[in-house]
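If you're matching positions, the sequence shown starts at 0 in numbering that gives the first Met the number 0 and goes up one per residue. C-beta atoms are modelled at their ideal positions from N, C-alpha and C, and glycine is treated no differently. Some notes on the structure that comes next.
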Amino acid sequence: MIIINQNLVVNNKKIEVLHKGSRGIPIVILTGMGCSFDDWHEITEELSNKNKVIMFHRPGLGMSDIGNQSRTTQAVADELKQVLLQLKIREPIVLVGHSYGGLCAQHFVKLYPNHILGVVLVDSTSVDFSVLDKLNLPVLEKESTDEAWIEKCNIYSSMNREELSKIISPSLTTKQRQFPLKIQERLLEFQLNPTLYKAMCCELKHWKKDAEIIKGLGDFPDVSLLVIGRDKEYCIKLGVEEGLPESELRVFEEKWQELIIDQADLTEKSNLVFAGQSGHLIYLDRPDVLIQCITDPSFLEK
Numbered sequence: 000m001i002i003i004n005q006n007l008v009v010n011n012k013k014i015e016v017l018h019k020g021s022r023g024i025p026i027v028i029l030t031g032m033g034c035s036f037d038d039w040h041e042i043t044e045e046l047s048n049k050n051k052v053i054m055f056h057r058p059g060l061g062m063s064d065i066g067n068q069s070r071t072t073q074a075v076a077d078e079l080k081q082v083l084l085q086l087k088i089r090e091p092i093v094l095v096g097h098s099y100g101g102l103c104a105q106h107f108v109k110l111y112p113n114h115i116l117g118v119v120l121v122d123s124t125s126v127d128f129s130v131l132d133k134l135n136l137p138v139l140e141k142e143s144t145d146e147a148w149i150e151k152c153n154i155y156s157s158m159n160r161e162e163l164s165k166i167i168s169p170s171l172t173t174k175q176r177q178f179p180l181k182i183q184e185r186l187l188e189f190q191l192n193p194t195l196y197k198a199m200c201c202e203l204k205h206w207k208k209d210a211e212i213i214k215g216l217g218d219f220p221d222v223s224l225l226v227i228g229r230d231k232e233y234c235i236k237l238g239v240e241e242g243l244p245e246s247e248l249r250v251f252e253e254k255w256q257e258l259i260i261d262q263a264d265l266t267e268k269s270n271l272v273f274a275g276q277s278g279h280l281i282y283l284d285r286p287d288v289l290i291q292c293i294t295d296p297s298f299l300e301k
């Protein structure tokens, strides 16, 4: 198995790329907002046994230069197109997108349907996610509005690594501590990069407009689609354990699940799966579900 961490130059910016595997169908994975491709270590190790797996850190994340371009889903689609060209990936790909990466995936698919063999949306941000802002959730919204996150990211982006370390106190989850030591070290360093928060701030400022732009690009192409959502009751339970009100959690999770279910209607060639005992980070909570679903031959036979 070939494992390559390399830097490509895309739009005059250095882009950090992970390329595993040398044969089979190319599987491209787009991470969520503020997330490292190293979090997918277990999944990429397994998938690359029989497939080419490609991931990259968007500008500002990991070793990728931040640049001056606005961080939009259109920018990500353009960068992905360039990465595929430079890696000489000419055959259709399976495109996997988690959370915000799922929003980016939907943009790419509508622009370049001929590049797509299949799509996997992993607890993906919906193009209709703005409806979540209309919910009456005073406690949950206290510190989780876009404005609050933008303010926090702005502050973090102005700090150096030492200052960030004192504020954030970077740590690893139980799952992450099972990864190889080198991967653990990279994950800790990833959290201390000021440009990470600059990129997140810019993505947050644009993502609602991006969603409307994606809707305006026309219908989703007629390709195989796998929609994987989190476990609603499991998320409610975790939130209650953190001291959050169950009533608000239930309202939010029911609407989120409704948006996930709606994504399965994007094409007639779709399948909907909910990963039991999983929160939003399905790739850490239930990597087995993702691996099984993506490698199931029936996924691309629809």
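Cβ neighbours of Met62 within its own chain (closer than 8 Å, five residues either side excluded): Asn6, Lys13, Glu15, His56. In this structure, Lys80 and Ile213 do not form a Cβ contact; the two beta carbons are roughly 16 Å apart against a cut-off of 8 Å. Considering only Lys151, Lys207, Lys49, the residue with the shortest C-alpha distance to Leu102 is Lys207.
Here DSSP, grouped into helix, strand and coil, assigns His97 to strand. Under a 10 Å Cβ-count criterion, Ser129 is classified as exposed, with fewer than 16 other Cβ atoms of the shown protein chains found around its own Cβ. If you look at Glu15, you'll find it in the beta strand (DSSP E) that goes 12 to 19. Just so you know, the alpha carbons of Val27 and Leu120 end up roughly 12 Å apart. By the beta-carbon neighbour count (other beta carbons within 10 angstroms, threshold 16), Ala210 is buried. The DSSP-derived three-state label of Met158 is coil.
Taking a cut-off of 8 Å on C-beta distances, the region 183 to 199 touches the region 20 to 40, as three or more cross pairs fall below it. Counting the other Cβ atoms within 10 Å of the Cβ of Ile167 gives fewer than 16, which makes it exposed. Rounded to the nearest whole angstrom, the C-alpha separation of Leu216 and Pro112 is 12 Å. Exclusion of the five residues before and after Val222 leaves Val108, Pro112, Ile115, Leu116, Gly117, Val118, Thr266, Lys268 as the residues of its chain whose Cβ lies within less than 8 Å of its Cβ. Within the region 162 to 214, complete beta strand (DSSP E) segments of at least 3 residues are not found at all. Going by C-alpha positions, Asp284 is about 23 Å away from Val250.
According to the DSSP assignment, Ile235 belongs to the alpha helix (DSSP H) that extends over 231 to 240. Between Ile88 and Ile65, the alpha-carbon positions lie close to 25 Å from each other. Short of 6 Å from the beta carbon of Val239, and not among the five residues preceding or following it, lie these beta carbons of its own chain, in chain order: Glu245. In the three-state reduction of the DSSP assignment, Lys80 falls in the helix class, which pools H, G and I.
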